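Q: There's a structure below that I have some questions on.
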Amino acid sequence: MGKGYMGKVLFVDLSKGELKEETIPDEVYQKYIGGMGLAAYLLYNKIPANADPLGPDNIIGFLPGLLTGTGSFFTGRWMVAAKSPLTGSWGDANCGGSLSPAIKRCGYDGIFFSGISKKPVYLYIDHHTKELRDASEYWGKDAVEAEEMLIAASGSKKTRVACIGEAGEKLSLISGVSTDKGRMAGRSGIGAVMGSKKLKAIVLNGKKRIQVHDKAEMKHLSKLANKFVKFQVPLPNLMPGMAGILMRALPNAMAQDGMLYKMMLRKWGTVSMNQLSPEMGDSPIKNWMGSSKDWGFSKSYSTHPGKILKREKVKYHCYSCPLGCGGICSMKGKYKETHKPEYETVLALGGLCMNKDADSIFYLNEILNRAGMDTISAGAAAAFAIECYENGILTKKDTDGLELKWGNSKAITQLIEKMIKREGIGDLLADGVKKAAEKIGKGAEQYAIHAGGQELPMHDARNDPGFALHYTAEPTPGRHTLGAGLYYEMFQLWKVAKKLPKVLPLYMKGAKYKTDNEKAVMGATNSKFMSVVNSAGGCKFGMFIGAKRVRLFDWLNAATGWNKTPEEYLAMGENIQTIKQSFNVKHGIEPKNITVSDRVLGKPFQTEGANKGRTVDLEPVRSAYWSEFGWNPETGKPTPERMAEFTNP
Amino acid sequence: MSRTDYSDFLCPIKFCCGKLALETLPAELRVYNARKPLILFSNKAVINGLIDPVKQAFDDSEMVAGIYDGVPESPTLSTIRELSDIYIKNGHDALIAVGSGSVMNLAKVLNIVVSGEPGDLKTCQGEDKITKPLNPFFVVPEASATGLMANGSACIDNFSFTSRYLIPDYLAIDPRIVQQETVGVIIDAAMRALSSSSFAYTLPDTDYFIDPYAYLAIQTICENLIPVIENADSKKGFKDYLIMNDTEKGKMALVTASVIGGFISFCQPAGIVMRLSEALSEYCQLSSGILAGLLLPYGLEYAMLKEGYQTEKLLLALAGPDVYSRTPENERGKSAMGILRDIQDKLFHLTDGYIPRTLAGAGISENQFSEMIERMSQNDEGIDSKGCLSILNHAREGRPVSDI
Amino acid sequence: MAYSIIDECIGCGACRTLCPAGAITGEKEQVHVINKEFCIECGTCGRICANEAVEDGFGILCQRVKRKDWKKPVFNAGLCASCRTCVDTCPVGCISLSSSIVKKDPREYPFLEDPKACVSCGFCEADCPVDAITLEILSKETQAAA
Amino acid sequence: MYLPEYCEFLSPVQIASGHHVLEKIPGFLKALNAKRPLILADKGVTAAGLIGIVEDAIKDNVQIGAIDDDVPPDSDLKVVSRLSDVYRKNNCDAIIAVGGGSVLDTAKGLNILVSEDADNLMEFAGANKLKRPLKPFIAIPTTAGTGSELTMAAVIADHDNFIKILFGSRFLLPDIAIIDSRMTLTLPAFFTAATAMDAMTHAVESYICLQKNPLSDAHALSAISLISKNLLNVIRKPDDQEGRLLLAKAATLAGMAFSNSTVGIVHTLGHSVGGVCGVPHGTCMSIFLPYGLEYNYHLVNPFIAELLFPLAGPEVYADTPENKRAEKTIEYIRQLNQDLHDATGGRHARFLSEILNRDGEQMVKKSHFDAIARISIGDGTKFYNPEEIDYDDSMLVLEASWDGRPLNRNLVKKNA
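Protein chains in written order, with my numbering: chain A, 263 to 911; chain B, 1419 to 1822; chain C, 112 to 257; chain D, 1201 to 1616.
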């Protein structure tokens, strides 16, 4: 009788070069599920309080979700977690591709690395052997090249690789981990942790079988989900942009049903938002000080969904995904193809820097993927540099002669190439806007838009205050993947869990800015749900289709044989959130000090554009959100007794 | 430390007999936190109409149950493999065996595999090798079930298992399943239970915890066997199971008694009569249960003389307190044996001679006796071959055993 | 539960070479051994063994099946969600993706790239979340054409 | 034989009985794969030195986690949570409960807390709240009477708000019940009589009440015959090991009987008198037993007649004509109470007015009757009694049992 999970994790001590397996009892899975939950539980106990994120005491973990490989859909995401060098807090990054099942087929629910290796190494696991191997010939290679060489060296095309590029090797704090030639686990600067440990890659080719409790039920649920994924209506290329203009004009807002976004994802992918978001005011423009006025329909036209689609050679599906929002695009120039840039990349390198040149965005997308650097943080750093240059804080001498002006795509491209190589101004920016502003001084902080050190993603809190809440109140600051007002509407969790607030089908836009307790309940529910999703290996886009259509909780029950109610799962999500916040408290983070600049909150409010006159009153909602978890509403910290619950004997 | 000093007794079976016993199955499964049982029927179940009442009982309980109605007459290991594949693929967490003994036997072996892994078939073979409780296992016997399902042993192909964890957790005796059955099978089951219970009840040093079970089994069989057989062929249309006439009640009681008899045969080492009847059944066409009934009085008399079995106590269970109190103490043993022989006579008349009055009627020659006893003593030295021979001879002539 | 080889094995080594998990060891003409820890119960050894010297987890002798009669996966693109589960679960990696399966559809669908390598274990059919794969005896031309 | 339309019977407790059974506990613990048991008892048990016997029997091949004998006469919520800390601190993995009803009920409550890793027992109050087997639990009864090692229920008081909470589930049953004659060897005559009559009441009432079933009946008959054959000899010769063992086995058989077919008016009144006046349970049982039979006489006298055989034996049964047997049974039980009264030097009370406490005062007064009658209406056992019981019925029986005169049967309202 299977349980969906493998029941074991692997600990690798890079200093001693020792590999040690550890069995995980069933009770731990029933409390922390797997993926993010399991990582939080293990790392909370095993990383000492004052560990240097780039030192030997930090531990980095690669974890599949519990549901990975069980016959469920949308559950091919894997999780990398460690103490973040960028924010000093709990750090995790999430990615798709096809690495997640490969970890499980090696027989593990997580592979963890501690210590520091004297020389560059990579971990090789196949059905018979598991060992650390010399990686000096791959050190210095970019992530795509290294992956191809490692797969060839393994002698099997089924091998799956996750590796860092130049940015990780050079300990850039905005570097991430790449797999499948460019799918990025980019946030929290985890790439630098791998770089500090001299760990170039993990190379996996296990063959173990994944057993589940009730396979017939898994298939029944998957067929149900597939029916909704396949439902599609024809959509014209400019429809999203037009919808954006309409949404900006209307005084009220319509509760979003995830099926609409699902159809856009199935046709174009996330790039479907390239015009919709700027028009409705969701995209931050010109380093957050611009508005939809500065980045109108004509400016975003060069990257509208149809344009991107024309370059797409083939759709790309992550493991176990029926939707397939990814794609492989062809490119002119040095690199012939690249993963279709995501909306976040197109806006960070486009609208945020006023850069209209699509080719430069494609090229930067590829070199950043190959370097293993987070495209969002890179774009934010470029926008920060341009604004400093515009205000004379950075002179031509500082920028090694680059004319850092809004929209100057050639200069932006060269700047980012310098960041990857840590040359001159590049070295200054390669550690993110917060560190750069501290080094430059002269009042540059006001132009560094981040939360707790993590550059903000391309969603404007002035349009959806939910984002401001999740940027500043979450144990991992500055993330757009954990919750927002829009997300709560699309998850439709109130259809499966009783007592959750329902969303009105039509409501006045002003209602979004009210600081009633219901906002905190919705925010807390988002975080709890996403903690469960990230522990099960789930993908947010699948969950957007709606909880009654894509039934994550039923998949979990069918795979493990548990019989937990949605309420119990949300309680487990709360438990996982609390252990991540406890990790932060243990490592000296003051949750109440994690804020965003007033510019993001609309203080003073903008006078033009979609978010004209909008300001976000963050504090009351944030403390109400914290008390939803039973944390101290002022400090955001869990009580010591609550934290003691997580220390295992 | 004499026998009365230490005794260990456990009856894990929950008995539930009567109308609507099937309807209690879902509720009982929930006690075990089981939500998706697999129900096994023999391939003849459809004809006997066993499936609909069970299905109906589960439909009202909104509990999903898998139905498999193809258990062959003599199942093999590949049946086990096929069923374990179904059990695991559909995430079943409990087994319900409905109908004949072969389905029960198969279910027990299947439960070993699905509660652990196929390899357990090898490691758990033999005596008490199963270390932990298995998944829930319920039985719903039909009249022909020989009661052996209640004992903790099972065998398939050349594997045999014995363990208290194989004893079913729940026994539901429902008139719709017990229904009609051929007379021969009912007698066989009843007489086998009567002999195992009688030996347990009259042990030289009483086991006070088996006593109630044995007393009840003997009392039930004596009160119901003959009446049920007498109007067994009154094929009353068995539609309305809510109003049970005495025959149906009698049949239910007999099945309960045969199950208890089976359970007792697991707690007590098989008596001399049981082993003799097993061996004898290869030499003639009578089943081992009927032969046990034939040998019972003679075996008991021998046991009373040799080991001091309390045969007078048997009169209480056979005839009830009135007769027991009025019979003088020293004659109670003899009159008990008389009752047993009287039952044998009645069966002879009721089955028009198919069941003989004495062993002579079974058509087994004398040298076949000695050859059989010879073979028995090879594989089991504890056999008191002189005693066996005397029992067989007395049984053949119908002469009570008066000396050894 | 892992398979096991019984004494009738004549040590021909057919199973050793074909085992996708490399779980079988043994010298020529010696009785071969299956390593319990590596066996993934794909049944290949049972199908290929000429004198049926392989027992499955239940202790039942496996039946030999001639290679030409081995059933191989046929993919129904209409049902397929192109979710790559079959590509990942195939122990020999003989299933690949191609975007030219369905005309005017840029999505990649699975196909049997290397029919000879397929050991007919049925993992793809068992694991496909939408039952879009069925194992059949491929006719000569489909085998050659793939 | 009485075969009802529908009946159930379950007693899945392994019974290990004999004279030297305690020594087998290490083996049983290993079979339950437990290594560090917590031994529970009450002050009375330690005073009688029974804990010493248990400890010596197992200490050289089992690591005892802890021994705790601070269990009050009737179990309490706070005590259970205190014990759960003791259990967890000494990381015990099994419970061995040595004692009477209150120790066993406390052990059952404790086992819920530690197995479900909970801290609030109230979550599991009521019937069938437990979903899976609990941690290993061995029960060693030290009174040959309560039979609570075989009941699927536990009653735990919440003294703060004066209520008794009932927990019902088959998972409360111990894995093994140890019936070792040494445990009751030193039980004083007065207690032996009271607890034996408690067991007798369990057996008799389970034979006549509404959930009567064949298996319970068979167990009841064995229990009654064992008690009536051995009780008086054991009272006269307390150190008779064989007699003690048979009495203990009888109590277990009675427990098996009544936990499946439940009890009636004798318990309804007995519980209230115990609650109001603090009279030991066994004493109330022996007093009300004859009255219970008389109260239900018109409905169940054929069954009462059948009880004469195990009670008085074949000779008396044969001499008494059939229509007189029921009366004879009741008369025999009164006579048994009388003999016990004489054998215990008057301490075994025959009727309510005779019940004296340690310093000789009368424990039950007529003034208590009103409170007793009102409480008894709320007692759960009332529903299983063949005849209905209301306030006046209770008063009627209380009046009669005040001075021991037989109940006037035609005053009993016949409405069932």
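Just so it is clear, CB atoms sit at the ideal spot from N, CA and C, and this is done for glycine as well.
Note that this is a predicted model, so its numbers are computed, not measured.
Please state whether the Cβ-Cβ distance between A746 of chain A and F729 of chain A is less than 8 Å.
A: yes
Q: Between the alpha carbons of L1229 of chain D and K1259 of chain D, how many angstroms are there, rounded?
A: L1229 of chain D and K1259 of chain D: Cα-Cα distance of roughly 13 Å.
Q: Cβ of T607 of chain A within 8 Å of Cβ of T637 of chain A?
A: Going by C-beta atoms, T607 of chain A is nearer than 8 Å to T637 of chain A.
Q: Just checking my contact of I1555 of chain D with T1468 of chain D at CB under 8 Å: how many whole Å lie between their CB atoms?
A: Wrong, their Cβ atoms sit about 18 Å apart, outside the cutoff.
Q: Which one or two residues does DSSP pair with M341 of chain A in a beta bridge?
A: A:L325, A:N356
Q: What is the DSSP secondary structure of N162 of chain C, counted as helix, strand or coil?
A: DSSP places N162 of chain C in coil when its eight states are reduced to three.
Q: Candidates A:A415, A:S582, A:L508, A:Y563: which alpha carbon is nearest S484 of chain A's?
A: A:S582
Q: Since I851 of chain A and Y303 of chain A are thought to touch, with beta carbons under 8 Å apart, how far apart are those beta carbons, to the nearest angstrom?
A: Actually they do not touch by this definition, with Cβ atoms about 18 Å apart.
Q: Where does T441 of chain A fall in DSSP's three states?
A: strand
Q: Starting from the Cα of C1573 of chain B, find the closest Cα among B:V1603, B:C1542, B:T1549, B:R1594 and give me that residue.
A: B:C1542
Q: Is it buried or exposed, K1654 of chain B, if we count other Cβ atoms within 10 angstroms and call 16 or more buried?
A: Model confidence at K1654 of chain B stands at a pLDDT of 47, short of 50, so the residue's coordinates are unreliable and nothing is read from them.
Q: Taking a cut of 9 Å between CB atoms, which residues from the segment 1484-1507 of chain B lie near chain C?
A: T1494, L1495, S1496, I1498, R1499, S1502, K1507
Q: Looking at the structure shown, is R395 of chain A part of a helix, part of a strand, or coil, going by DSSP?
A: R395 of chain A: strand per DSSP, three-state reduction.
Q: Just mark D860 of chain A as buried or exposed, buried being the case when its beta carbon has 16 or more other beta carbons within 10 Å.
A: exposed
Q: In terms of DSSP beta bridges, what is E599 of chain A paired with?
A: A:S592
Q: Cβ of L272 of chain A less than 8 Å from any chain C Cβ?
A: no
Q: If you follow the alpha helix (DSSP H) that A1737 of chain B is in, where does it begin and where does it stop?
A: 1729-1737
Q: Using DSSP with H/G/I as helix, E/B as strand and the rest coil, what is T1581 of chain D?
A: Shown here, T1581 of chain D sits in a helix according to DSSP, grouped into three states.
Q: Short check: CB of G1668 of chain B to CB of Y1720 of chain B, under 8 Å?
A: no
Q: Quick one: complete alpha helix (DSSP H) runs, 4+ long, within the segment 1521-1562 of chain B?
A: 1538-1541
Q: Could you compute how far the alpha carbon of G1640 of chain D sits from the alpha carbon of K1432 of chain B?
A: Lying before the first or after the last residue shown, residue 1640 of chain D is absent from chain D, which here runs from 1201 to 1616.
Q: If we cut at 8 Å on Cβ distances, does S210 of chain C have a partner in chain F?
A: Absent here is chain F; the protein component of the structure consists of chains A, B, C and D.
Q: Report the residue from A:F845, A:G323, A:V878, A:N837 whose alpha carbon sits nearest the alpha carbon of T857 of chain A.
A: A:V878
Q: Do S1803 of chain B and the ligand COA come close, with the Cβ less than 7 Å from some heavy atom?
A: Looking at this structure, you won't find the ligand COA or any other ligand, since it has none at all.
Q: Can you name the residues that DSSP bridges to M635 of chain A?
A: A:S437
Q: Please report the residue range of the alpha helix (DSSP H) in which A698 of chain A lies.
A: 694-702
Q: Of the choices B:E1792, B:R1499, B:Y1716, whose alpha-carbon is the least far from that of G1751 of chain B?
A: B:Y1716
Q: Figure out for me which residue from A:L690, A:I648, A:I295, A:Y563 has the closest Cα to the Cα of K432 of chain A.
A: A:L690
Q: List the residues of chain A that R1793 of chain B touches, going by C-beta distances under 8 Å, in chain order.
A: Simply none; closest approach about 44 Å.
Q: Does any residue of chain B bring its CB to less than 8 Å from the CB of A1216 of chain D?
A: yes
Q: Which value, in whole angstroms, describes the spacing of the CA atoms of L1732 of chain B and A1754 of chain B?
A: Rounded to the nearest angstrom, the gap between the Cα atoms of L1732 of chain B and A1754 of chain B is 6 Å.
Q: Does DSSP put Q676 of chain A in a helix, in a strand, or in coil?
A: helix
Q: Just grab the DSSP bridge partners of R422 of chain A for me.
A: A:L466
Q: Among the candidates A:L768, A:A886, A:K696, whose CA atom is the shortest distance from the CA of D778 of chain A?
A: A:A886
Q: Buried or exposed: where does K781 of chain A fall if 16 or more other Cβ atoms within 10 Å of its Cβ makes it buried?
A: buried
Q: Answer with yes or no whether the minimum CB distance from R218 of chain C to chain A is below 8 Å.
A: Judged by the 8 Å Cβ criterion, R218 of chain C is in contact with chain A.
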